[in-house]
Structures are given as structure tokens and as C-alpha cells.
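Undergrad: Each residue of the sequence shown is one higher than the one before, starting from 12 at the first, in my numbering.
Even glycine gets a Cβ: it sits at the ideal position worked out from N, Cα and C.
Nothing here was measured: the structure is a model prediction, and the numbers come from that model.
Okay, handing you the structure first.
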Amino acid sequence: MKRLLLLLPLFGMLLVRAQKLPAPKEHFGFSIGDNYHLTNYTQTEAYFRKLAVSPRMRLVDIGPTEEGRRQWMCIVSDPENLARLERYKEIAQLLARAAVPEAEARALASEGKAVVWIDGGLHATETVSPHQLIESVWQFVSREDAETRRILRDAIILFVHVNPDGHELVGNWYMRNPVPEKRSYRNLPRQYQKYVGHDNNRDFFMMNMKESQNISRQQYVEWCPQIIYNHHQTGPAGSVLAGPPYRDPFNFVYDPLLVTSLDAVGAAMNNRLNAEGKPGYTQRAGSVFSTWWNGGLRTTPYFHNSIGILTEIIGDPAPSKVPLVPSRLVPNWATPNPVTPQDWTFRRSIDYSVSLNYAVLDYAVRHKDQLLFNIWRMGRNSIEAGSRDNWSLTPRLIDSVSNAWKQDLRARNEVPRGDTVPARYYDQVFRDPTLRDARGYIIPSDQADWPTATKLVNALLYSGVKVHRATRSFTVNGKSYPEGSFVVFTAQAYRPHVRDMFEPQDHPNDFQYPGGPPVPPYDAAGWTPAFTMGIRFDRIPDAFDGPFEALPYGALQAAAGGIAGKGGTGFLLRSDVNHSYTVVNELLRSGVEVHRISTGRGDAPAGSFFVPAKARPQLEKLARANGVRALAVSGRPAQLQKIRPLRIALFENYGGSEPSGWARWILEQYGFPAARIYANDIDRGNLSERFDLILFVTGTVPAPGSRSTAGGPRPDDIPQEFHAMLGRFTADSSMPALRRFLEDGGSIAAIGSATQLAYHLKLPVHNALTELVNGEERALPAEKFYIPGSILEAVADTTTPAAWGMPRRPYVLFARSPVFMLSADAVATGSLRPLLWFDNSRTLRSGWAWGQSYLKDAVAAFEARVGKGKLFAFGPEILFRGQAQGTYRLLFNQLYKTGE
Ligand SMILES: [Zn+2]
Numbered sequence: 012m013k014r015l016l017l018l019l020p021l022f023g024m025l026l027v028r029a030q031k032l033p034a035p036k037e038h039f040g041f042s043i044g045d046n047y048h049l050t051n052y053t054q055t056e057a058y059f060r061k062l063a064v065s066p067r068m069r070l071v072d073i074g075p076t077e078e079g080r081r082q083w084m085c086i087v088s089d090p091e092n093l094a095r096l097e098r099y100k101e102i103a104q105l106l107a108r109a110a111v112p113e114a115e116a117r118a119l120a121s122e123g124k125a126v127v128w129i130d131g132g133l134h135a136t137e138t139v140s141p142h143q144l145i146e147s148v149w150q151f152v153s154r155e156d157a158e159t160r161r162i163l164r165d166a167i168i169l170f171v172h173v174n175p176d177g178h179e180l181v182g183n184w185y186m187r188n189p190v191p192e193k194r195s196y197r198n199l200p201r202q203y204q205k206y207v208g209h210d211n212n213r214d215f216f217m218m219n220m221k222e223s224q225n226i227s228r229q230q231y232v233e234w235c236p237q238i239i240y241n242h243h244q245t246g247p248a249g250s251v252l253a254g255p256p257y258r259d260p261f262n263f264v265y266d267p268l269l270v271t272s273l274d275a276v277g278a279a280m281n282n283r284l285n286a287e288g289k290p291g292y293t294q295r296a297g298s299v300f301s302t303w304w305n306g307g308l309r310t311t312p313y314f315h316n317s318i319g320i321l322t323e324i325i326g327d328p329a330p331s332k333v334p335l336v337p338s339r340l341v342p343n344w345a346t347p348n349p350v351t352p353q354d355w356t357f358r359r360s361i362d363y364s365v366s367l368n369y370a371v372l373d374y375a376v377r378h379k380d381q382l383l384f385n386i387w388r389m390g391r392n393s394i395e396a397g398s399r400d401n402w403s404l405t406p407r408l409i410d411s412v413s414n415a416w417k418q419d420l421r422a423r424n425e426v427p428r429g430d431t432v433p434a435r436y437y438d439q440v441f442r443d444p445t446l447r448d449a450r451g452y453i454i455p456s457d458q459a460d461w462p463t464a465t466k467l468v469n470a471l472l473y474s475g476v477k478v479h480r481a482t483r484s485f486t487v488n489g490k491s492y493p494e495g496s497f498v499v500f501t502a503q504a505y506r507p508h509v510r511d512m513f514e515p516q517d518h519p520n521d522f523q524y525p526g527g528p529p530v531p532p533y534d535a536a537g538w539t540p541a542f543t544m545g546i547r548f549d550r551i552p553d554a555f556d557g558p559f560e561a562l563p564y565g566a567l568q569a570a571a572g573g574i575a576g577k578g579g580t581g582f583l584l585r586s587d588v589n590h591s592y593t594v595v596n597e598l599l600r601s602g603v604e605v606h607r608i609s610t611g612r613g614d615a616p617a618g619s620f621f622v623p624a625k626a627r628p629q630l631e632k633l634a635r636a637n638g639v640r641a642l643a644v645s646g647r648p649a650q651l652q653k654i655r656p657l658r659i660a661l662f663e664n665y666g667g668s669e670p671s672g673w674a675r676w677i678l679e680q681y682g683f684p685a686a687r688i689y690a691n692d693i694d695r696g697n698l699s700e701r702f703d704l705i706l707f708v709t710g711t712v713p714a715p716g717s718r719s720t721a722g723g724p725r726p727d728d729i730p731q732e733f734h735a736m737l738g739r740f741t742a743d744s745s746m747p748a749l750r751r752f753l754e755d756g757g758s759i760a761a762i763g764s765a766t767q768l769a770y771h772l773k774l775p776v777h778n779a780l781t782e783l784v785n786g787e788e789r790a791l792p793a794e795k796f797y798i799p800g801s802i803l804e805a806v807a808d809t810t811t812p813a814a815w816g817m818p819r820r821p822y823v824l825f826a827r828s829p830v831f832m833l834s835a836d837a838v839a840t841g842s843l844r845p846l847l848w849f850d851n852s853r854t855l856r857s858g859w860a861w862g863q864s865y866l867k868d869a870v871a872a873f874e875a876r877v878g879k880g881k882l883f884a885f886g887p888e889i890l891f892r893g894q895a896q897g898t899y900r901l902l903f904n905q906l907y908k909t910g911e
């Protein structure tokens, strides 16, 4: 018996040895990094399955992709750790949520393992990224050197494929050419994420896409890694890669320990490459990547006290060259070890990437206890800040300190000398109770668009935020709230993320030099989802409590819909609820008669939908499914307008784009079927026989004067099946057909830069952002007017059907958006009608706006009569990335035909 027991473990080892792990070449037929060779996802998935027999690896399915593939996470660690995986996960969660006192945190930090996320493939044409993932998984399950074993002993590595669909598309597209030297991944016929392509890296706070949901659940609900390493391409010209730390500004809501930890990991990465004789790492001012924005795979971690790492590396499957960029050759703090011009191969980029993964993991295991304790420390700091009166150091508050001082000096006719200000000015601001950080936010359940408010709550839940729900009605600061309202306290570890979701982003005024041009933020400057979603919430600066139950982490909520009221004539669906439109679209599809009411009433604003009583069974089912509350009424409302669905077309260029993909996804989500059309479809004419409305999004219409939008590939370079997408929108060939379409009674909705259609149509509108210089009109320079992605408050004409269901003062997403002056005569005759405008000089609500006063009295959106048809022009991004849900209705209203 004793002998047998001793033999068993040996026998187990022999079994494992017998199943020899295949090197990539044995499986794929080529080595990772071979010139002109890319894998696809099907092959990669099969390879991961083969490697999963290793005792060092567990293969975990983290959910479906938008195209229906399975998304895999390879958990790689020492077999002993894998046997205790649930315990290590629990420790990671307890520390990230700072759910234990300090002494216990220290003990858990010692017991636990470093959890490090390393991914690949997010942007599928960045081909180094999925391939370094494959190579790294292989090396970590097969290498026997001391360092690898040391890393596996103290780290749990989560190797995650973050875009399976894109990998399949790009791999197959590249390899379709049998001649290796002629292979190219360019001219893809569609986006490398089913809908939104590159914007799959802008979705990690809104969680619209399935991949974002899968990934966030692992990152913030399940595993809470201390380090998240997200691989990208390409490095700035003349470098090999850009990595951490990044340029200013970083976001002011982060814990300082997070910022310095990013510095420490960056130093370890840079250091290792230098020790291995691998030059070309650039950091800080050496690249454009900042640490400001939320929603990226590596930036959302910062808002969760997790060290997000981004590298952008060069490398193409075809041999390439590091170009000569003299300005990069003088060693400095940005690039301590410049790379000199030379030939480059794909394999070298793979080797660099594997070294970088080793550097991050080596750092993680050498500083394991500290890394685990520090995420607890940051979480605890957050809980403490959310439990007391707290004032954050932000540009807005610090400016008000300086301004108060300067104002007093002016009153005394003195001039400021030096930078030092008497300390009492600090106290004036940083002890002012009206300027305190919030203790929490209340989302009342009696707001009209409750389904959309519930979406925000679900986005928070996917992100690991702790949310409470009121079990009965309650009162805070004299205001009462109904049962079912949601409460989000800031006294929690993920406080930076909570604040970011509800508070304005206070982007600093960032200029190249005083009076000079702005330094563009890497992505948006402001995005506050609670604003763009148009929901109602209260910010509570005082400590408060109530009959609240904590929802389990990650437990998604459903808005309760159904029928309320007792009337017997029919039902009203409010026009200010996005999913009313979904319900209506389904009803119309099943042949139910639906009307809109043109005059608002107490329980339903103008434009609300009336559904006759006999449709009750269908309506009840749909209202439940969509979380919409229908109101049973007695008496048929006056002024009913019967509606019918329109035949909708969405214009795209070859291969699609992020904005058109978002539009397509949103139309699908809300039940508006739309055909995709291309330049050739327009140029062929007879549009009104096929469509009632055509939607043009940003980037699809050339500027007046330029002949066409950027063209697609040559027909010879792509398979026949994609030729229908070729062609270019040009003023000469496309505008006559579009004008004819409008004159025949068609509608066009244009968003963002597509509003240039108004100029092509020679409507009496004018760019509002110009100035006269020596008698010549020119666009305002960025030194005078500059608003990158930010949230502004506009005014809406809610009396007109185009803006039904909108609040009087909606928040709009403005991203270098066009604004207009309308001819007064045309407005007087009714051929032009403003829908949105700015009525004052201080419209910024979140982000960064320089020269806002230029917007005063400018028109942001209008409708224009053209023949029997209409153009609806929306300057702001009313669909922005599936985030601007508070302005979706500005499009939805145009998607029905009214009357007979
Ligand atoms: Zn990328």
C-alpha cells in the first residue's frame, strides 16, 4: 500500500510527459514570427486546446463574441497554484476591494499570488499582438529555466485573446494570397470587430459589446488583476515601441500610488530591454499616449487601482525597416536607448514582446507582496476618501484659488509677484462645503427613461462597482426617493471609476506654449456617461444612509416593465424613453396600429406613442421584455398621427467605419432595420424607389471643394464578392442623385461631419466658427477655439416633431463638431428650422472647451426643407459610440412616416 502511494505521483508525471506539447511550428506549420505568415483564430483556438493538457494551464471560456465565437482565457501558473485557484482568486478580490483590515491584508498579500493579465489581438491588424500571445503561452507552458519556474511559482498569468473575430478575419484575409510576398492585411472588407472595429478599445466603461462584457467581468468581478498588460501596434517612427510611463495629463481621480506604480513597472520593462541589448523603447513625451481617458482596455484599469500597461510596437509580417528619424537619435529621458536605422523582422517584434511580458512578470513576482498589498492600500484610500469630507485637487478648484487671490490683488491695485499665494486662499476653496466630493449618487427609480438608467447601473456592475438598491422609499436631505432606486456610494475601492461615471472630467488647459496651439488629448477629454445617457441622478455631498441592500458583485439588473393604469381605450408609451421606440418597432412589424400624440399631457410628453387597447397582449409582452412602462388610458388622445416604418438606408464606404458600425449596432438594438448602401448605390439614382431615409455618419461626406472621400482598394486587389462596396462619394456623381431623392420627398439624416451635405446642397447656412482676416473669411484657429470630445449643454426646440421626447436643455457630445448660422430669411419662411443651439458662453459640462463664447447663439442641429423632402443635420455626435444615449431620439424621431 505504501509503495503504491509513492508511485502514484510519479505515474501522473509520466502521463503528462507522454503527452508532448506541440511547438507552434508543429501545429501551425510555421514558427510564430516567420515572414509572411499569420495565424487565424480557429487555428489558435485549436492550439490552445492542445496546450491545455499541460499541468501548467487551464483553458477558460469567458463568453461569446459578437460573431458567436468563444473567447478563451489561458490561466497559466505552477500546477500547485492551479490546484488552489479559487483561493487565489478570492484573495485577489478581497485585496482589490479592500474588504479586509490592514493586518489581514498583509497576511493575504503574503499568501496570495500576483495576478497578471496579458492579452493579445485587440486591434486585429496590429498583427504582432495576437502572435506574441501565442508565443508567450507556448513559452510559459514549456520552458524549464529557473526564471520561468520562479515566475510560475508566484504569479497567476491570465493570457487572454481579446478579439477572436478580428483575428479570424485578418488571418484569413492575409493568407488568402498564395504568394507570400504579395500578402497584405490591408483593404479589409469590414471592421475587425463585427460592429465597431478599433472602437472595441473605447467601450470598457459602457460595455456595449459582448467582448467588453466578457473582459470586464474577468478583470473587475472575477480576477481583479494587479497588472493588466494590453498589447498594441505601432511604435512611433524611429522607435521600436512606446511604453509606460506616458505623457501628461494623467487623470486626477487616480490614486498617486497607481501613477508611481505605473512608473515602476515601466522602468522594469525598459530596463530589461536595455540589459538584453534591445534598443528603441520610448516613453513619456516620446509618444502621444496619455493616461487621461477611460474606456480603453489598459486605461479603465487605472480607475480600478490596477496598473494598466500599453505597449505600441513596430513589426509587420513582411520584412521592414526602422526609418531614420534624427530627432529620436539623441538619447534623453523619453528615449534613453535610441534604435538606429536598420532592417527589421516580424520575429524581432515577437522576441521584444516576449521579453516585455517577462519583464512585467518578473517585476510582479519580485514585488509580489508589495503589489498585492498596494492594491489593497489604494482601495482603502478610496474607501477613506469616500467616508469623509474630501476635496480633490482639480484644475477647476485650483484655478479658483488663484483667481480669488488675483481678484483681491486687483481690488487693492496690486500686481501678483511670484507663485506663492497666502494659505487662506487654499482654505477658502478646500474647506468650502459646496465644493466637496460626493459621498454617493442616487438614481431615482421614478425617472422616465428607467431602462436607460438601468443600463448605466449594469455598466457599473460589469465594472465591479458595488451598487445598492433601496428596498423601500427613503429620504435624503429632505428629498424622498421611491423603492427600487439605485445608490452608488463613493466609499468603495473603485471610487475613481464611480466618480468618473458621474462627475465632469476636468481636463486641464493644455497648450504647447502660452498663447500657442492646444495639445490634443489622445482620445476624448470628457465623456461622463451619466450625462451622455441623459439620466436623472442626484449627487449627495453629505454622509447618508437608508434602507439599502448591496447587490452581489456583477449581478446585472433588469428594469421592470409592464402596463400601469386602468384605462380601457389604449396605452401610452413615453417619447422620452429610448426603448419605447423598440417596443413600437416590434408592434409595427406585427401589424399593430401605432400613433404619436402631437400635444404633450401630464403623463406623457409630446410625441409619445398611442397603442389601441386590442394590442394589449403583444404590448404587455414587449413592455416587459424591454423594461418599458406603458400607461393604460381612457379616452382616445386628441391629435393622433398614425405612423409607419420607413425604409432606412445607412451609407458606408468600403470596409465600413467605427461611426457607421455604431449606427448599425444602435439601429439593430432598437429594432430599426436598415440596408447598407455604398457610393455606387447612390450614383445609380432612383433612390426614392428603394428608400425613404438615408443616414450619413461622420467621415462619409467629402468637404465641399474636395472631390471625394478617400477611395477604397482597386477592384483587382479584392475578391469579386466585395466589389459592390467599391466606389466613391463625389460631389459630381453622388450629389445630383441625393438632391433628386430629397426633392422627391426622401429624408436624409446627417451626423457630425456628414452635415457638410448642407453645403453641397447650397442651403442658406454658414459655418459659425469663422473670423474675418484682412477681409477674408477663415476658420477659427485652434488657439482661439478648440473643443475635443467633450460634453456641452444645448437648447432643444422640443415643440417640433424632430426633437420630440428631448429635454429642453440636453447634453450633447461635441467632438470638433460643426456648428452653423442659419439665414434669418430661411428661418422666417420655415424652410430652415433650428433643432439645437447654444444660448450662452459657458456650455461646457465635462471635458475641455477653449473659446466657448464663440458658440453663443450658434446652431448645433437643424432641419431643412429640400423640395418635398427634408435634411436633418446634427453637428454633435448624437449616437457617439453607443454612449450618447440621451440624444438617440434625435435620430429615432426621423425614422417614422407620419400620416397617410
Ligand atoms: Zn491598437
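On the CB-based measure, 16 or more other CB atoms within 10 Å of its CB, does V476 come out buried or exposed?
TA: It counts as buried.
Undergrad: Tell me which residues share the same chain as G722 and place their Cβ nearer than 7 Å to its Cβ, disregarding the 5 neighbours each side in the sequence.
TA: Excluding positions up to five away in sequence, the list reads R739.
Undergrad: Comparing C-alpha positions only, which one of I654, R201, D614, S491 sits nearest to V622?
TA: Among I654, R201, D614, S491, the Cα nearest to that of V622 belongs to I654.
Undergrad: Take the Cβ of N488 as the centre, count every other Cβ of all protein chains shown within 10 Å, and call the residue buried at 16 or more, exposed below.
TA: Result: exposed.
Undergrad: Quick one: Cα of V478 to Cα of L472, how far?
TA: Using only the alpha carbons, I get a separation of about 7 Å.
Undergrad: Could you have a look at Y452 and say whether DSSP puts it in helix, strand or coil?
TA: Y452 falls in the strand class under three-state DSSP.
Undergrad: Identify the continuous beta strand (DSSP E) that holds L335 and give its terminal residues.
TA: Per DSSP, L335 belongs to no beta strand (DSSP E) and is neither H nor E.
Undergrad: Which residue comes first and which comes last in the beta strand (DSSP E) that contains A790?
TA: 787-790 is the extent of the beta strand (DSSP E) around A790.
Undergrad: Quick check on this structure: which residue in D72, E631, A742, N46 has the alpha carbon closest to the alpha carbon of V190?
TA: It is N46.
Undergrad: Per DSSP, I802 is paired with what?
TA: Note: I802 sits in a beta bridge opposite L824, S857.
Undergrad: Less than 8 Å between the C-beta atoms of D210 and E669, yes or no?
TA: Against a cut-off of 8 Å, the Cβ pair of E669 and D210 comes out as a contact.
Undergrad: Short check: CB of G858 to CB of S801, under 8 Å?
TA: Cβ atoms of G858 and S801: closer than 8 Å.
Undergrad: Would you say the stretch 379-390 touches the stretch 95-108, given that touching needs at least three Cβ pairs under 8 Å?
TA: Yes: the two stretches touch, three or more of their Cβ pairs being nearer than 8 Å.
Undergrad: Which residues mark the beginning and the end of the beta strand (DSSP E) in which Q418 is found?
TA: Counting along the chain, Q418 falls outside any beta strand (DSSP E), though it belongs to the alpha helix (DSSP H) covering 406-422.
Undergrad: Whole angstroms are fine: how far does the CA of E754 sit from the CA of K879?
TA: Spanning the two alpha carbons is a distance of roughly 5 Å.
Undergrad: Examine ligand 3 and report whether any of its heavy atoms sits within less than 7 Å of the Cβ of Q244.
TA: Inclusion of ligand 3 in the displayed structure is not the case, the ligand content consisting of ligand 1 alone.
Undergrad: On the three-pair Cβ rule with 8 Å, is the stretch 509-520 touching the stretch 445-454?
TA: The stretch 509-520 is in contact with the stretch 445-454.
Undergrad: When you compare only the Cα positions, how much space is there between R844 and V838?
TA: Roughly 6 Å separates the two Cα atoms.
Undergrad: What is the DSSP secondary structure of V498, reduced to helix, strand or coil?
TA: Note: V498 maps to strand in three-state DSSP.
Undergrad: Output needed for A166: all residues of its chain with C-beta closer than 7 Å, excluding positions within five of it in sequence on either side, in chain order.
TA: These residues qualify, in order along the chain: S88, K124, A125, V127, L372, A375, V376.
Undergrad: Could you give the distance in angstroms between the alpha-carbon of F357 and the alpha-carbon of L93?
TA: So the two alpha carbons sit approximately 33 Å from each other.
Undergrad: Have a look at D354, I318, W303, L335 and flag the residue whose alpha-carbon is nearest the alpha-carbon of G326.
TA: Considering only alpha carbons, the answer is D354.
Undergrad: If you draw a straight line from the C-alpha of A481 to the C-alpha of P558, how long is it?
TA: Spanning the two alpha carbons is a distance of roughly 6 Å.
Undergrad: Can you name the start and end residues of the alpha helix (DSSP H) that R98 belongs to?
TA: Residues 96-107.
Undergrad: Quick check: the Cα distance between K577 and V603, rounded to an integer number of angstroms?
TA: Cα to Cα, the separation comes out at about 21 Å.
Undergrad: Given a threshold of 16 other Cβ atoms within 10 Å of its Cβ, counted over all protein chains shown, does Q650 qualify as buried or as exposed?
TA: The residue in question, Q650, is exposed, as its Cβ has fewer than 16 Cβ neighbours within 10 Å.
Undergrad: With C-beta atoms as the reference, is I546 less than 8 Å away from A464?
TA: A contact, by the Cβ cut-off of 8 Å.
Undergrad: Could you check whether N285 and S343 sit closer than 8 Å to each other, using their CB atoms as the reference points?
TA: Correcting the residue type first, residue 343 is Asn in the shown sequence and not Ser. For N343 and N285, no; Cβs fall outside 8 Å.
Undergrad: Can you give me the start and stop residues for the beta strand (DSSP E) that S491 sits inside?
TA: Note, S491: beta strand (DSSP E), 490-492.
Undergrad: In whole angstroms, what is the alpha-carbon distance linking Y505 and F555?
TA: Approximately 19 Å, taken between the alpha carbons.
Undergrad: Whole angstroms are fine: how far does the CA of T351 sit from the CA of A793?
TA: If I take the Cα positions, the gap works out to 35 Å.
Undergrad: Which residue marks the beginning of the beta strand (DSSP E) containing R258, and which one marks its end?
TA: 252-261 is the extent of the beta strand (DSSP E) around R258.
Undergrad: Look up K908 in the DSSP assignment and give the residues it is bridged to.
TA: K908 is bridged to R655.
Undergrad: Please report how far the alpha carbon of P312 lies from the alpha carbon of C235, in whole angstroms.
TA: In a straight line, the C-alpha of P312 is about 9 Å away from that of C235.
Undergrad: List the whole-angstrom C-beta distance separating S830 from L906, where the pair is believed to meet the contact cut-off of C-beta under 8 Å.
TA: Inspection of the sequence shows that residue 830 is occupied by Val rather than by Ser. Contact doesn't hold; Cβ gap of about 24 Å is too wide.
Undergrad: Does the distance from the C-beta atom of Y822 to that of T543 stay below 8 Å?
TA: Contact flag set, yes.
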